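Below is one structure, written out as structure tokens; the observations come after it.
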Amino acid sequence: MTSSAPQFLYGTAWKEDRTAECVSLALKAGFRGIDTANQRKHYNEVGVGEALQKAYSDGLVKRDDLFLQTKFTYQRGQDHRLPYDPTAPLAKQVQQSLASSLEHLDTEYVDSFVLHGPASGYEWTADDDAVWNAMRAEREKGRTRVIGVSNVSLGHLQQMADTPAFVQNRCYAQLGWDREIRTFCREHGIVYQGFSLLTANVPVLRHPLVQEIAGHMKAGIAQVTFAFARQIGMLPLTGTTSFEHMQQDLSSLALTLPQEAVEAIESLAG
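The letter at position 59 of the sequence shown is residue 59 when you use the UniProt record's numbering, and the numbering goes up by one with no holes.
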């Protein structure tokens, strides 16, 4: 079972008390994909739900118009505000985390449920298997359409017994825009979601070549970056808090770079 994602996702991390306001602006700008996590340390999922309720009541969108993605985060990635009983088995923690997310978002299902990073930075562990199997069970119950992973290495993906629908990684130009992972995803029919495309790559995006491409296309650096990401097979995320920048980011969907420009940007740093 697949869940069709839009071409752009709005990321809700690090917005704290502005979360509801920012998600409302994103929906008004035209975003229909919202990425969040049940990790109060970095996300305010309740705020996302408040914005969704307002959008529904205002008639701006219906639930079926939206792609909602949330995440399960291990205790080591949380602060004291846990969405589950830390003494419970991992499978129960997954169940409790998703149940809490569904309540926050006031929905019977999410479109995508993502493991917010494996237990180890070096290998796929027995704990990850337990969590993944619990996530599969949630998919079978219909509480999520698909399941995915985030913050993974190639080794993690190669060790997984199952193929995720999505991989979401911070995307560094210095690593060839995460070329190894993107290649694996393309070969296995996995959708690659890239985040921090702007903030993680400031030196590259200031390169005269990128500036020249932007000038030639009569577009901003962010628009060129997101168009480039899409053209190399990526589903990009943006987390801007500016309504104007939200509109500009979405306008990148109408921008197509010449192939030589795509190749030039891809080769800038690895």
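A virtual CB, placed ideally from N, CA and C, is assigned to each residue, including glycine. Quick caveat: nothing in here was measured; it's all calculated off a predicted structure.
CA-CA distance, M160 and E123? Taking the sequence shown and counting its residues from 1, one reaches residue 160 at position 160. Taking the sequence shown and counting its residues from 1, one reaches residue 123 at position 123. So the alpha carbons of these two residues sit roughly 10 Å apart.
According to the neighbour-count rule (16 or more other Cβ atoms, all chains shown, within 10 Å of its Cβ), is G121 buried or exposed? Mapped onto the sequence shown, residue 121 falls at position 121. G121 is exposed by the Cβ-count criterion.
Whole-angstrom distance between P89 and G239, CA atom to CA atom: Here residue 239 refers to the residue found at position 239 of the sequence shown. Here residue 89 refers to the residue found at position 89 of the sequence shown. Taking the straight line joining both Cα atoms gives about 33 Å.
For N10: DSSP bridge partner residues: Locating residue 10 in the sequence shown gives position 10, counting from the first residue. A quick correction: the sequence has Tyr, not Asn, at residue 10. For Y10, which the question treats as bridged, DSSP gives the partners I34, T238.
Output yes or no for whether 7 Å exceeds the beta carbon distance between R179 and G233. By 1-based counting over the sequence shown, the position of residue 179 is 179. By 1-based counting over the sequence shown, the position of residue 233 is 233. G233 sits away from R179, with the two beta carbons spaced by 7 Å or more.
Thinking C-beta only, is V110 closer than 7 Å to L150? Reading the sequence shown from its first residue, position 150 is the one you call residue 150. Reading the sequence shown from its first residue, position 110 is the one you call residue 110. First, the residue type needs correcting, since residue 150 is Ser and not Leu in the sequence shown. In this structure, S150 keeps its C-beta atom at 7 Å or more from the C-beta atom of V110.
List the residues that DSSP assigns as beta-bridge partners of R186. Numbered from 1 along the sequence shown, position 186 holds the residue referred to as residue 186. Among the bridge pairs identified by DSSP, R186 is matched with none.
Among residues of its own chain, excluding the 5 on either side of F228, which ones have a beta-carbon nearer than 8 Å to its beta-carbon? Residue 228 sits at position 228 when you count from the first residue of the sequence shown. Contacts found: L257, A261, V262, I265, E266.
Give the straight-line distance between the Cα atoms of T163 and W132, rounded to the nearest whole angstrom. Within the sequence shown, numbered from 1, the residue matching residue 163 stands at position 163. Within the sequence shown, numbered from 1, the residue matching residue 132 stands at position 132. Rounded to whole angstroms, T163 to W132 spans 11 Å at the Cα level.
Other residues of its chain near R32: CB distance less than 8 Å, five sequence neighbours each side excluded: Taking the first residue of the sequence shown as position 1, residue 32 is located at position 32. Beyond the five residues adjoining it in sequence on each side, R32 comes within less than 8 Å, by CB distance, of P6, V61, D65, L66, F67 in the same chain, given in chain order.
Pick from D17, A137, L25 that is closest to K54, judged by C-alpha positions: Within the sequence shown, the letter at position 54 stands for residue 54. K54 has its Cα closest to that of L25, out of D17, A137, L25.
What first and last residue would you give for the beta strand (DSSP E) that runs through residue 318? No information on residue 318 is available, as it lies outside the stretch 1 to 270 that the chain covers here.
Using 10 angstroms around the beta-carbon of Q158, count the other beta-carbons present and answer buried if the total reaches 16, otherwise exposed. In the sequence shown, counting from the first residue as 1, residue 158 sits at position 158. With fewer than 16 neighbouring CB atoms inside 10 Å of its own CB, Q158 falls in the exposed class.
Beta-carbon proximity check, E50 vs T36, cutoff 7 Å: If you number the sequence shown from 1, residue 50 lands on position 50. If you number the sequence shown from 1, residue 36 lands on position 36. If you check the CB distance, E50 and T36 do not come in under 7 Å.
Do A134 and D128 come within 7 Å of each other at the CB atom, strictly closer than that value? The sequence position of residue 128 within the sequence shown is 128, counting from 1. The sequence position of residue 134 within the sequence shown is 134, counting from 1. No.
Pick out the complete beta strand (DSSP E) segments inside the segment 149-173, 3 residues or longer, and give them in chain order. Positions of the beta strand (DSSP E) runs, each at least 3 residues long and wholly inside the segment 149-173, are given as 166-170 in order along the chain.
Let me check one thing: in DSSP terms, what residues is L115 bridge-paired to? Translated into the one-based positions of the sequence shown, residue 115 becomes position 115. L115 is bridged to F72, V149.
Between R182 and G11, what straight-line distance do the alpha-carbon atoms span, to the nearest angstrom? The residue given as residue 182 occupies position 182 in the sequence shown. The residue given as residue 11 occupies position 11 in the sequence shown. Our two residues, R182 and G11, have alpha carbons roughly 20 Å apart in a direct line.
Just mark Q75 as buried or exposed, buried being the case when its beta carbon has 16 or more other beta carbons within 10 Å. Your numbering for residue 75 matches position 75 in the sequence shown. Exposed is the call here.
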